[in-house]
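Shown next, in structure tokens, is the structure this report addresses.
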Amino acid sequence: EAGVAQSPRYKIIEKRQSVAFWCNPISGHATLYWYQQILGQGPKLLIQFQNNGVVDDSQLPKDRFSAERLKGVDSTLKIQPAKLEDSAVYLCASSLAASGIPDTGELFFGEGSRLTVL
Amino acid sequence: RKEVEQDPGPFNVPEGATVAFNCTYSNSASQSFFWYRQDCRKEPKLLMSVYSSGNEDGRFTAQLNRASQYISLLIRDSKLSDSATYLCVVNRMDSSYKLIFGSGTRLLVRP
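Each protein sequence line maps, in turn, to chains C and P. Counting from 1 along the first sequence, just add 27 to a position and that's the residue number in our numbering. Counting from 1 along the second sequence, just add 990 to a position and that's the residue number in our numbering.
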């Protein structure tokens, strides 16, 4: 079974530039998450989708970050304009949960997109 | 105070040692608890769930103390391959079910 796919794996940009990350979850997974992981810290939830609806985006810096999951399958996360403190790994994860409550608590993560902002 | 707190380590132990990690959480309404493992420059993966009665999976034992709001992970007979960061994960149920990750405890197992 294919896992969660993310691209690009690495991106280097200068501050004030924009960047977009793409995620394709495991087939059939209703819930999709974007996490930000800064070096030395645990993953921090940015936004959670169930199908194509936003369940939680309370931690998303909406002045510069946006995300969409138009057809309830793949998703994009955009940062515009980027700041130095956005340097992190952006992890996409998916789970089977159809009602928002995972059966097992198992999130399946992609390999992440590593962003460096200079 | 962080919602999920862990000792960052690193814990540096010899092969064969027993090592324990603790994690505390602040939300008394949390119902689900997990340990995830994250290898260097890799994505997190579920190691095991933590049940109220405690549970074991081979060399790994997880315990939950709801009264004190802490979770523990015990690794017996450490292997070199156990070297990783162990993330404590707790659910928060407000407008939705979400998983909150601790910062992780780094384990180094030396020959």
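In this text, a Cβ means the ideal position worked out from N, Cα and C, and glycines have one as well.
So is P/S1093 in contact with chain C if we call contact Cβ pairs under 8 angstroms? yes
In chain C, which residues lie less than 9 angstroms from P/K1069 when you measure between Cβ atoms? Going along chain C, no residue has its Cβ under 9 angstroms from P/K1069, so there is no contact; the nearest lies around 23 angstroms.
Compare the C-alpha of P/S1016 against each of P/R1056, P/I1065, P/T1075 and name the closest. P/R1056
Report buried or exposed for P/G1006, applying the criterion of at least 16 other Cβ atoms within 10 angstroms of its Cβ. Per the 10 Å Cβ criterion, exposed.
Is P/E1046 helix, strand or coil by DSSP? strand
Of the residues P/Q996, P/M1083, P/Y1026, P/R1100, which one's Cα is nearest the Cα of C/V82? The shortest C-alpha to C-alpha distance from C/V82 to any of P/Q996, P/M1083, P/Y1026, P/R1100 is the one to P/M1083.
Would you kindly work out how many angstroms separate the C-alpha atoms of P/T1051 and C/C50, rounded to a whole number? 34 angstroms
Between which two residues does the beta strand (DSSP E) holding C/S122 run? The continuous beta strand (DSSP E) containing C/S122 extends over residues 115-122.
I'd like the list of long-range same chain contacts for P/L1036, defined as Cβ closer than 6 angstroms, with 5 residues on each side in sequence excluded. These residues qualify, in order along the chain: Y1026.
Please list the partners that C/G69 has in chain P, where partner means a Cβ-to-Cβ separation under 7 angstroms. Taking the beta carbon of C/G69 as reference, the chain P residues within 7 angstroms of it are L1077, F1091, G1092, S1093, G1094, listed in sequence order.
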